[in-house]
Amino acid sequence: MTVSEATASAQDMEVDSSSKAESSATAFKRLHPGPYLSKFLAKGYRPDGRKVTAWRDVKINKGSVSTADGSALVRLGDTTMVCGVKAEIAEPLATSPRSGYIVPNIDLPALCSPKFKPGPPADEAQTMSNWLFDLITSSRTVDPQSLCICPGKAVWALYIDVVCINYDGNAFDAAVLAVMAALGNTRLRSATYDDITAKVTCSDDFHSLALGRLPLSCSFGIFKSAYLLPDPSSFEAPLIHTTLTIALDEENRACLVRHEGLGGTDTKSGQDVLDEAWSIAEERVREIRRLLDDHPATNR
Numbered sequence: 001m002t003v004s005e006a007t008a009s010a011q012d013m014e015v016d017s018s019s020k021a022e023s024s025a026t027a028f029k030r031l032h033p034g035p036y037l038s039k040f041l042a043k044g045y046r047p048d049g050r051k052v053t054a055w056r057d058v059k060i061n062k063g064s065v066s067t068a069d070g071s072a073l074v075r076l077g078d079t080t081m082v083c084g085v086k087a088e089i090a091e092p093l094a095t096s097p098r099s100g101y102i103v104p105n106i107d108l109p110a111l112c113s114p115k116f117k118p119g120p121p122a123d124e125a126q127t128m129s130n131w132l133f134d135l136i137t138s139s140r141t142v143d144p145q146s147l148c149i150c151p152g153k154a155v156w157a158l159y160i161d162v163v164c165i166n167y168d169g170n171a172f173d174a175a176v177l178a179v180m181a182a183l184g185n186t187r188l189r190s191a192t193y194d195d196i197t198a199k200v201t202c203s204d205d206f207h208s209l210a211l212g213r214l215p216l217s218c219s220f221g222i223f224k225s226a227y228l229l230p231d232p233s234s235f236e237a238p239l240i241h242t243t244l245t246i247a248l249d250e251e252n253r254a255c256l257v258r259h260e261g262l263g264g265t266d267t268k269s270g271q272d273v274l275d276e277a278w279s280i281a282e283e284r285v286r287e288i289r290r291l292l293d294d295h296p297a298t299n300r
């Protein structure tokens with residue numbers, strides 16, 4: 001055997017050995033996901049390469065849907081959300097003649113992940129849509145009365161549709177960020193109501209939405225009562241039985257706090273875990289707001 005043949009043989013053996021090790025790790029991950037995650041966390045890392053308390057990178061692209069009145073595309077790691085805002089003229093309710101409508105919806109289609117099946121909206125999507133509505137209305141991100149065209153006659157109805165293009169966990173945080181970015185990008189036509197014709201006329205002049213508090217969401221999971229994991233991935237989420245979501249406005253005031261599960265960890269009380277998560281969320285929200293400021297609304 002020549003030197004070159006021996007070298008080639010050794011390289012083949014190394015490739016084969018590496019391939020077998022990778023195959024073994026993949027099988028272990030699939031068959032024993034809990035112990036697999038535990039091994040990473042014990043060394044201070046997560047399977048996707050993050051440190052235990054790290055978040056995934058965020059990218060924001062405003063004005064990505066030309067047919068919408070406002071839009072944004074957000075990537076949170078490999079989770080991708082697109083939000084489009086469409087404004088339509090509607091008749092107000094008799095009980096609130098000056099109030100417009102805000103109709104948010106989150107769609108998690110089967111194409112974004114094998115986790116979701118074709119057919120009616122999944123329970124998870126409906127739950128998140130309700131959370132989103134509660135968040136927008138309780139924080140008064142958009143004052144319904146700012147959508148009034150003519151009291152008792154005509155108002156704007158904002159349809160806020162969020163579609164998941166690719167799912168890799170933590171869809172709610174990504175959806176909230178996409179909505180806030182899209183609302184900041186939304187521009188409405190100047191509209192007037194004619195009492196004689198009972199019709200609304202829209203001009204070519206546009207104005208931005210009058211926005212109030214802009215909450216941003218930070219979600220966490222507690223794994224095996226031992227680790228507080230910000231921004232759980234799709235691999236981690238099924239292994240987590242306690243979740244915590246905190247939404248903060250510009251002044252770090254709570255707009256939403258949701259907790260599901262048992263609470264604390266083996267070494268910390270539920271309140272201590274909440275305090276730690278709150279501190280982490282404050283820092284994360286500051287980072288994301290800087291990103292939003294770096295991506296100003298697109299003028300159309």
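Position one of the sequence shown corresponds to residue 1 (UniProt numbering), numbered consecutively onward. All C-beta atoms in this analysis are idealised placements derived from N, C-alpha and C, irrespective of residue type, glycine included.
Euclidean distance between Cα positions of residue i and residue j
i: A154; j: T197; result: 13 angstroms
i: D78; j: D107; result: 17 angstroms
i: R213; j: S139; result: 6 angstroms
i: G270; j: Y227; result: 13 angstroms
i: E251; j: S71; result: 25 angstroms
i: A110; j: D194; result: 45 angstroms
i: F235; j: G169; result: 8 angstroms
i: A27; j: A181; result: 40 angstroms
i: S225; j: F40; result: 16 angstroms
i: L291; j: W55; result: 14 angstroms
i: N130; j: W278; result: 23 angstroms
i: A157; j: S23; result: 53 angstroms
i: D134; j: Y101; result: 13 angstroms
i: D272; j: F223; result: 16 angstroms
i: S66; j: C202; result: 19 angstroms
i: R289; j: A125; result: 25 angstroms
i: D123; j: V179; result: 20 angstroms
i: T242; j: C83; result: 28 angstroms
i: G49; j: I149; result: 51 angstroms
Residue i vs residue j beta-carbon contact at 8 angstroms
i: Y167; j: E88; result: no
i: V285; j: C218; result: yes
i: P215; j: L256; result: yes
i: V85; j: L147; result: no
i: A254; j: I246; result: yes
i: N185; j: K51; result: no
i: R46; j: V58; result: no
i: A191; j: V200; result: yes
i: L188; j: D69; result: yes
i: P232; j: I280; result: no
Segment limits, alpha helix (DSSP H) that includes residue i
i: L183; result: A171 to N185
i: G221; result: Note, G221: premise wrong, no alpha helix (DSSP H); beta strand (DSSP E) at L216 to F223.
i: R253; result: Note, R253: premise wrong, no alpha helix (DSSP H); not H, not E.
i: L274; result: G270 to D294
Paired residues, beta bridge with residue i - DSSP
i: R189; result: F206
i: L211; result: V142
i: E260; result: T243
i: T201; result: T192
Start and end residues, beta strand (DSSP E) containing residue i
i: I246; result: T242 to L248
i: D161; result: A154 to N166
i: L147; result: Counting along the chain, L147 falls outside any beta strand (DSSP E), and DSSP gives it neither H nor E.
i: L228; result: Y227 to P230
Residue i Cβ short of 7 angstroms to the ligand COA heavy atom set
i: K117; result: The ligand content of the structure shown is nil, which means the ligand COA is not present either.
Quiz item: Residue ranges of each beta strand (DSSP E) run of no fewer than 3 residues wholly in the region 40-122, ordered along the chain?
Solution: 58-62, 70-76, 79-90 and 101-107
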